[in-house]
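Shown next, in structure tokens, is the structure this report addresses.
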């Protein structure tokens with residue numbers, strides 16, 4: 001794994017998947033079903049473009065944002081009223097200490113073996129963002145996942161609508177290879193009568 005923020009194969013795969021779904025949804029499904037020149041087609045294309053752009057933007061922030069590292073000067077204050085003693089101390093009564101970093105750890109901080117550091121409120125290390133999900137990037141990671149799920153449902157509705165739409169025989173053209181290939185990929189080539197030529 002590369003350092004957080006660097007382009008790795010999983011990050012490239014996510015970006016390629018977003019690009020493929022975007023192209024398939026806007027330039028194939030919407031264009032075939034509603035037409036990009038119609039008001040409904042243009043509105044759906046603009047809405048899906050905005051949703052895809054939001055996915056890419058939140059994904060980029062989740063990849064690049066530091067998840068929150070434990071400050072090197074952290075010293076737990078056992079007298080602190082806001083931190084119950086059982087959170088600061090381990091079961092044996094010792095303060096939580098990271099053997100790999102050589103420093104004390106606050107509650108819910110964990111050492112990531114991939115990033116080679118302790119992360120505040122670490123949830124997990126995600127290979128798809130090549131970064132830990134922690135205190136400072138948890139919210140943006142959750143927002144990215146939420147927008148990605150919404151975009152998937154929206155794309156599914158548009159693609160199913162396009163697959164169910166029948167193109168009249170007189171409007172089909174034999175040189176529309178992009179339309180033919182995607183309809184075939186959707187498993188709809190027998191329904192619409194499009195053949196490979």
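Residue numbers (full-length UniProt numbering): 1 to 197. Here a beta-carbon is modelled for each residue, glycine too, at the ideal position from N, C-alpha and C.
Decide if residue i is buried, meaning its Cβ has at least 16 other Cβ atoms within 10 Å, or exposed.
i, result
"residue 150", "exposed"
"residue 19", "exposed"
"residue 124", "exposed"
"residue 140", "buried"
"residue 147", "buried"
"residue 153", "exposed"
"residue 100", "exposed"
"residue 158", "buried"
"residue 45", "buried"
"residue 38", "exposed"
"residue 53", "exposed"
"residue 29", "buried"
"residue 59", "buried"
"residue 13", "exposed"
"residue 7", "exposed"
Residues bridged to residue i by DSSP?
i, result
"residue 97", "104"
"residue 69", "119"
Given residue i, which residues of its chain have a CB within under 7 Å of its CB, disregarding the five upstream and five downstream residues?
i, result
"residue 49", "26"
"residue 134", "67, 68, 119, 120, 121, 122, 123"
"residue 165", "32, 33"
"residue 61", "140"
"residue 36", "30, 42, 45"
Spatial neighbours of residue i within its chain, please: C-beta separation below 6 Å, excluding the five flanking residues on both sides.
i, result
"residue 109", "70, 118, 120"
"residue 127", "10"
"residue 161", "33"
"residue 116", "none"
"residue 21", "155"
Kindly say whether residue i, judged by its beta-carbon, lies nearer than 7 Å to any beta-carbon of chain E.
i, result
"residue 107", "This model lacks chain E altogether; it includes just one protein chain."
What residues in its chain sit with their C-beta under 8 Å from that of residue i, if we drop five residues either side in the sequence?
i, result
"residue 65", "131, 136, 137, 140"
"residue 56", "15, 18"
"residue 40", "34"
Could you give the first and the last residue of the continuous beta strand (DSSP E) run that contains residue i?
i, result
"residue 118", "117-119"
"residue 131", "131-133"
Could you check whether the Cβ of residue i sits closer than 6 Å to any heavy atom belonging to the ligand SAM?
i, result
"residue 41", "Among the components of this structure there are no ligands whatsoever, and the ligand SAM is therefore not found."
Mind checking which residues open and close the alpha helix (DSSP H) that includes residue i?
i, result
"residue 139", "138-164"
>> Could you tell me which whole alpha helix (DSSP H) segments of length 4 or greater appear in the segment 11-66?
In response: 39-64
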